[in-house]
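Numbered per my numbering, the sequence shown spans residues 41 to 896. One structure is given below, encoded as structure tokens.
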Amino acid sequence: MTISINIKEEFHKRRDHLFQNILKNKDNLKFSMEYSLLVEEFIHAVVPNKQYNFSLASAGSFSRRELSPYSDIDLMFITETVEGNESDISEIITKLWDYGIEVSHTVRDYSDLAKYLEEDLHTFTQFIETRFLIGSEKIYKQWNDFLIALITDEIKADLLQKLFEDTEKRYEKYGSSPKMLEPNVKLSAGGLRDFQAVEWMYILKDKILLNKQNESTQAEIFIDQLRKNGYASAKECENLLTSYDFIISIRNLIHILSHQKNDRLEFIAQTKISELNSIYGNSISVLMQKYFAAATAINRFSKSISKKFREEFLNPLPDSLSIELDEDFCVKGKSLYFIGKGALSLSAVLRSFYYRGLYNSHFDDALRSMIIESAEKYRNEKNPEAESSVFFREILKLPRNVGNTLQSMNELGVLSAFMPEFKDLVGYLQHGVYHCFTADEHTLVTIQNVEKLEKDTSTLGKIYNSLKDREILFLALLFHDIAKPINLAGHEIIGSEMASSIMHRLGYSEEEIDSVTFLVRNHLMMEQIAFRRNLSDPETLNNFTAKFTSVQNLNYLYLVTYADLSAVNPAVWTSWKSELLSELYLKSKAMLEDQLTGEELLIKTTYVVPKDITKHSQLISEDHVQEHIDSINDMAYAHHFSEEEIAKHIEEIQKGIKISVLFKDLPNFTNITVITKDFPSLLSRLCGVFSINDANIHDAKIFTRKDGIVIDTFNVTDFRTHKKIEPERYGKIENDLSAVISGLLQLNQEFAKMKSRWWRIENKFFKRTGKVKITFEDHEKYTIIDVVSPDRLGFLYQVTKKMNELGLIIYFAKISTRGDDIVDSFYVLDRNGKKVSQNDYELIVTELTATINQLL
């Protein structure tokens with residue numbers, strides 16, 4: 041190379057040229073290699089040409105020659121001793137930074153090999169993938185010789201075990217599914233680290249480093265080794281390389297779009313990438329389908345090789361311990377083998393999965409390849425063999441591992457081949473923070489989650505363990521979202537029809553079909569009632585329990601609802617939602633078992649004994665208690681508050697002060713209760729105060745006495761941290777609540793002040809746009825208004841303020857956040873105390889929608 045007078049300018053020019061042409065690169069590993077070689081070239085140009093008593097090597101993705109645009113450029117100085125080399129090392133680092141090559145570096149000596157072997161797996165794995173750049177080749181060779189010598193059979197087994205454990209920990213943190221909707225392309229299952237971890241295992245197993253100096257990426261070198269050594273066929277190697285190259289391409293584009301190191305494929309990045317490249321036709325769906333296919337291929341390869349190495353080095357078994365299951369299959373240890381002749385029929389494939397689940401085993405490589413080939417062959421057959429239906433039903437009757445077995449069937453393409461209706465669900469996107477999996481993955485996770493209840497001592501666990509026929513439950517979960525690709529709205533109705541058709545084909549009885557279709561058709565009902573309706577309203581309870589002919593159906597639906605919510609997103613299944621569903625379940629169960637109406641149940645369970653309340657306060661009498669209870673025409677009050685809390689309310693009311701604010705620390709929320717005199721815009725003002733204090737309202741209950749005193753209670757968390765409000769903030773919140781009721785705090789002015797700060801918070805936490813949906817439901821006493829919208833700061837304040845302007849009086853409100861959506865339900869009357877006229881619905885929708893759209 042002719043060294044430019046201005047090396048820094050030349051380096052930036054050539055680097056930027058590479059970055060600008062990244063979209064034109066069909067071979068993305070080639071881009072990564074060229075960028076890595078460019079950095080190597082300029083390091084050689086910058087570092088003084090003299091004798092050094094150390095070796096300078098590349099590390100990390102730089103060593104693998106797989107740099108993405110903003111990857112760390114990791115250097116490792118390897119020396120016998122650091123002493124005496126400090127000035128040379130400092131000079132090199134300073135020069136590199138001066139010339140625009142922003143590197144990170146570590147300094148290692150030979151003793152670090154043994155040290156980090158014991159102390160830090162991640163640091164030690166850096167040592168096994170370095171590449172010589174400059175300095176003493178002798179020291180670099182000695183370093184690698186010492187490294188290889190350290191890896192005895194005992195150490196090898198220990199390191200492999202640590203790598204297996206590290207993979208599980210990584211999955212727990214970043215996701216164990218290759219079908220996460222917003223994956224970390226490096227660390228989620230199916231990401232780059234899955235592939236790299238197998239590289240490390242291979243290096244440790246064979247004690248052969250992959251740092252050849254030919255112009256190839258480490259991935260290409262490794263895949264070539266796999267092919268040569270028979271670990272994978274030429275076709276599998278080609279698919280693996282294509283998949284890895286695709287994930288690299290996505291990572292490169294994320295870096296370019298965000299102008300920084302970033303490995304999270306968020307929705308906004310998906311949109312931009314799909315628009316950048318014409319092959320996706322501006323379709324996020326096409327982009328992500330390709331991503332899921334690539335990630336699944338890498339994850340499948342990673343699991344397959346990991347299991348092979350685990351058996352070979354950690355749990356070797358002699359062939360004599362092989363157990364023949366039938367004429368086609370045998371199991372040895374945790375591996376299932378095909379010992380039959382010829383190709384696999386679809387029924388044999390299903391039988392292999394039955395054995396896999398029964399013995400908690402996995403397929404050996406040859407059997408896995410045969411299954412994939414069979415799945416491709418049978419994918420277009422409309423009528424699966426009758427015998428295969430028998431084994432599918434046997435899979436659903438397994439005592440455990442049903443979810444894992446079905447997931448493996450889906451991963452290898454068998455589930456779609458056996459049940460063509462499932463095909464469109466595979467890779468189907470459900471955008472929004474509410475969902476973090478594709479529809480097929482979500483479906484199978486529901487079954488895995490409900491199976492975990494077997495060891496749970498909660499009410500849900502007891503219900504699950506009491507089931508005599510879990511097959512009905514698993515079928516309902518398998519079909520509950522099957523119609524989403526056809527029509528998202530109303531998918532539960534179409535899904536029940538599809539479930540009926542499939543079950544008829546599989547030979548189920550009419551009674552079994554009726555049970556499953558009931559659950560599919562109503563799988564959204566229980567959460568909608570629990571999270572959006574007043575559970576102390578007799579009409580709500582009567583209407584809900586009227587849907588059930590038996591407690592068994594209620595038990596099934598409770599489990600389906602839990603499984604569905606718990607498999608959506610780890611953040612969705614909260615203790616608050618658990619309590620609401622439990623409350624609805626227990627009340628409904630009591631009504632069905634004892635044949636009670638909602639009115640009878642509530643009278644039975646919410647009766648207040650004044651004497652018991654007075655035990656908690658010396659300032660109140662039984663007459664005070666009775667008068668207080670009689671003044672609240674809402675049975676939910678006595679159910680919601682404890683005896684001690686009711687006593688405190690009476691005390692505060694008797695003080696005659698303008699406002700009382702009570703704080704209570706709950707397991708996952710801060711509860712704030714406000715006692716004051718009611719006036720038309722009260723609720724909106726309270727919501728406004730919580731907004732300007734960065735408090736997110738999860739639940740609001742409004743109780744009004746006949747004398748106009750209200751007891752409003754809110755469960756809140758911090759907007760940003762999603763944690764409870766710190767006690768140090770209580771004082772300001774209380775002062776603001778007092779000020780807003782006295783008219784001393786002007787919320788419009790406060791909102792204007794907060795606007796710039798909220799913009800930053802919303803940019804971080806509330807990115808998604810979406811549609812506003814407002815619906816009405818007629819109730820015996822009220823008009824119920826349901827508002828569904830993307831969440832925004834100040835949402836409740838603006839909506840309740842607009843309702844007040846429209847002359848709507850809110851008697852009950854239930855607020856439910858669903859990821860980055862908000863689902864609010866308001867029980868309202870007009871200013872004359874009557875239900876809202878249907879003639880006013882259109883005006884209300886128009887006004888509320890306009891108000892909300894100003895926030896979005």
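Positions of the beta carbon are idealized from the N, C-alpha and C atoms, including for glycine. Note that the structure is predicted; figures quoted are calculated from it, not measured.
So what's G728 in DSSP terms, helix, strand or just coil?
-> helix
Just reading off the beta strand (DSSP E) that R210 is part of, what are its end residues?
-> Element bounds for R210: not the beta strand (DSSP E) but the alpha helix (DSSP H), 193-214.
Just reading off the alpha helix (DSSP H) that V556 is part of, what are its end residues?
-> 550-561
Whole-angstrom distance between A630 and A388, CA atom to CA atom = 47 Å
Looking at the structure shown, is K252 part of a helix, part of a strand, or coil, going by DSSP?
-> coil
Between the Cα of S111 and the Cα atoms of K181, L785, Q300, F393, which residue gives the shortest distance?
-> Q300
Among the residues of its own chain, which have a CB less than 6 Å from the CB of R105, if the five just before and after it don't count?
-> M73, S76, T257
Where does M410 fall in DSSP's three states?
-> helix
DSSP-derived helix/strand/coil call for Y156 = helix
Contact between the stretch 87-103 and the stretch 114-124: three or more CB pairs below 8 Å?
-> yes
If E677 sits next to F743, beta carbons under 8 Å apart, how far is it from one beta carbon to the other, in whole angstroms?
-> Residue identity check: residue 677 is Tyr in the sequence provided, not Glu. Y677 to F743, Cβ: 5 Å. Contact.
How would you call V876, buried or exposed, if buried means at least 16 neighbouring beta carbons within 10 angstroms?
-> buried
Proximity to I751 [Cα-Cα], best of S176, F681, P707, N775 = F681
For A539, which residues from the same chain have a beta carbon less than 6 Å from its beta carbon, with the 5 sequence-adjacent residues on both sides left out?
-> F519, V556, T557, V560
Report yes if the CB atom of E451 is closer than 8 Å to the CB atom of R350, and no otherwise.
-> no
Nearest to I781 (by Cα), restricted to the options D718, V827, E416 = D718
Are N444 and G397 close, meaning C-beta to C-beta below 8 Å?
-> yes
Rounded distance between the beta-carbons of V863 and F571, thought under 8 Å | 7 Å
Inter-residue spacing [alpha-carbon to alpha-carbon] between L221 and T478 = 6 Å
Could you check the C-alpha separation between E461 and D554 for me, to the nearest Å?
-> 19 Å
Where L605 and I174 are concerned, what is the direct C-alpha to C-alpha distance, given to the nearest angstrom?
-> 56 Å
Indicate whether K372 and L361 have their beta-carbon atoms separated by less than 8 Å.
-> yes
Contact between the stretch 453-469 and the stretch 408-419: three or more CB pairs below 8 Å?
-> yes
Could you tell me how far apart the beta carbons of H819 and E640 are, in whole angstroms, since I believe they sit closer than 8 Å?
-> At roughly 20 Å, the Cβ-Cβ gap does not stay under 8 Å, so H819 and E640 are not in contact.
I think N292 touches N68, with their Cβ atoms under 8 Å apart; what is that distance to the nearest whole Å?
-> 6 Å
Same chain, Cβ closer than 6 Å to L281, neighbours up to 5 away in sequence not counted = I263
DSSP three-state assignment for V239, whether helix, strand or coil | Here the sequence assigns Glu to residue 239, which means Val is not the residue at that position. In the structure shown, E239 sits in a helix (DSSP, three-state: H, G or I).
Can you tell which of L136, N125, G100, G124 has its C-alpha closest to the C-alpha of V86?
-> L136
Cα-Cα separation, K746 to D831 = 34 Å
Going by beta carbon distance, what residues of the same chain come within less than 8 Å of D663, once the five residues before and after it are set aside?
-> P650
Range of the contiguous beta strand (DSSP E) that encloses R148 = 143-149
Determine, using beta carbons only, whether S731 and L896 come nearer to each other than 8 Å.
-> no
Pull up the DSSP beta-bridge partners for P830, would you.
-> D861
State the Cα-Cα distance for the pair D246 and P767, rounded to the nearest angstrom.
-> 58 Å
Could you pull the start and end residues of the beta strand (DSSP E) that R871 belongs to?
-> Taken as a continuous stretch (DSSP letters only), R871 belongs to no beta strand (DSSP E), as it is neither H nor E.
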